[in-house]
Structures are given as C-alpha cells and as structure tokens.
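Student:
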Amino acid sequence: MAKRKKSVPMADRPGTSECPKCRHVNKTEDARTLQIEMRPVLTKQVFAFPDALAEVSCLRCAACGYWMCLDYRIELDDNPEMDLNPD
Ligand SMILES: [Zn+2]
Numbered sequence: 032m033a034k035r036k037k038s039v040p041m042a043d044r045p046g047t048s049e050c051p052k053c054r055h056v057n058k059t060e061d062a063r064t065l066q067i068e069m070r071p072v073l074t075k076q077v078f079a080f081p082d083a084l085a086e087v088s089c090l091r092c093a094a095c096g097y098w099m100c101l102d103y104r105i106e107l108d109d110n111p112e113m114d115l116n117p118d
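Residue numbers for the sequence shown follow my numbering, so the first one is 32 and each next one is one higher.
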C-alpha cells in the first residue's frame, strides 16, 4: 500500500508584496490559487517521479501585469508509479 504523504500547507504571508519588476506594492489578498501540473527536475538520486500536482498562489501586479508566485504546495499522487529498484 502506498504511503500517503502529508501535503505542505502554505505559509502565512504578509499583507502586501512588492513587485520585483516595477516595485509596485500589491495586496496579497488579491492572489489567486492556481493548479498546475509540474514535473520536478530529476537527479541521479531521484531518477523517477510520479506526476505531481501543485497548487500555486499567484499575484498579478496591478501596475505592470507581472505575475509573481507567492507560495506553492505540492500534492503527491495517491498512487505514484515510482520504480525504486530498476535492474
Ligand atoms: Zn509590477
């Protein structure tokens, strides 16, 4: 039976976030949580990953439209097909 890993909760964040592009200060309460599919980068140690779902909290700068990611969390697949013992 596959182990279910805890998802990492999003951290508390400050009420405002400065745009890295134009320095406009935005209210983080306007942030939207989006779901994206992501594939982590594989390494020699971790050479196979299941598809992981990530929730990303994004905020769009009101001044210049630049999207900044404030936080994210990854939810692992319930049934990962991770082959730890290849020949
Ligand atoms: Zn901006």
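All C-beta atoms, glycine included, are put in the ideal place defined by N, C-alpha and C. Keep in mind that this is a model prediction, so the values were computed, not measured.
For C50 versus M99, is the C-beta distance shorter than 8 Å?
Tutor: In contact: C50 and M99 (Cβ atoms closer than 8 Å).
Student: Considering only heavy atoms of ligand 1 and the C-beta of each residue, which residues fall inside 6 Å, strictly closer?
Tutor: That query returns the following residues: C50, K52, C53, H55, C92, A94, C95 and Y97.
Student: Using alpha carbons as the reference points, say which of G46, L65 and D61 lies closest to A93.
Tutor: Comparing Cα positions, the closest option is D61.
Student: Quick check on the burial criterion: 16 or more other C-beta atoms within 10 angstroms. Buried or exposed for L90?
Tutor: Looking at its Cβ environment, which holds 16 or more other Cβ atoms inside 10 Å, L90 is buried.
Student: In whole angstroms, what separates the C-alpha of K58 from that of K75?
Tutor: Roughly 41 Å separates the two Cα atoms.
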